[in-house]
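Structure first, then comments.
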Amino acid sequence: MHLVHRWNQAPHVAAFSRKAWTLPRWEEELAAQLGGDDVRPVLVGWHGRPVIYAEVYRAARDVVAVCYRARPHDIGLRLAVGELAMTDRGLVRGLLPHLTDALFEADPHCTRIVVEPDVRNTRAIRSFEAGGFVVADEVMLPDKVALLMVCKR
206 MHLVHRWNQA PHVAAFSRKA WTLPRWEEEL AAQLGGDDVR PVLVGWHGRP
256 VIYAEVYRAA RDVVAVCYRA RPHDIGLRLA VGELAMTDRG LVRGLLPHLT
306 DALFEADPHC TRIVVEPDVR NTRAIRSFEA GGFVVADEVM LPDKVALLMV
356 CKR
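According to my numbering, the sequence shown is numbered sequentially starting from 206.
What follows is the structure, given as structure tokens:
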């Protein structure tokens, strides 16, 4: 909880996540995610330490569904590298194929994984492209202009 809160306060994350919330707000958010069926918060580790906060969600039940024809089993993925020192090291590029493989394996009916980075977040866009995602469209979400990117099974 404290780690996720601290990471989302970091300028390199807050600039694009828009989740620089208070600790009580994060407690509410994570409790809601863990108590529901639409979103799962995940800490991704690398060499024994957490390095990425991820949200795995059903795209058809998310605001992103108004921007494209979401299928019932489409999975959405939001990632944030917590520590600035861990950015620009190929971390997301290296982990992304493992994450997408695991998500496809977890839901055999899923044929697409979507991400929606802020159009200004060139670091994330390059990482997603290197990890097998292709740009589908530029979309307007309530909190950002995003690139809808898709990785197909």
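Even for Gly, the Cβ is constructed at its ideal location relative to N, Cα and C.
Since this is a predicted model, take the numbers as computed values, not measurements.
The distance from the Cβ of Ala259 to that of Val268 is about 18 Å, inconsistent with a contact at the 8 Å cut-off. Judged by DSSP secondary structure, Pro246 falls outside any alpha helix (DSSP H) and instead within the beta strand (DSSP E) spanning 244-251.
Linking Ser222 to Val244 through their CA atoms gives a straight-line distance of about 16 Å.
When the Cα atoms are used, Val339 and Leu282 turn out to be separated by approximately 14 Å. Excluding five sequence positions before and after Gly337, the CB atoms of its chain that fall closer than 8 Å to its own CB belong to Leu301, Pro302, Thr305, Cys356, given in chain order. With contact defined as three or more Cβ pairs closer than 8 Å, the region 314-321 and the region 268-278 are in contact.
Gly281: member of the beta strand (DSSP E) spanning 280-286, first to last residue. Under the three-state reduction of DSSP output, Asp306 falls in the helix class. If you compare the alpha carbons of Ala341, Pro322, Asp342 with that of Asp348, the shortest gap goes to Pro322. Secondary structure note for Arg317: its beta strand (DSSP E) is the uninterrupted segment 317-320. The beta carbon of Asp342 is closer than 8 Å to those of Cys272, Tyr273, Leu352, Leu353 in its chain, skipping five residues each way along the sequence.
Between Val247 and Val261, the gap from beta carbon to beta carbon is short of 8 Å.
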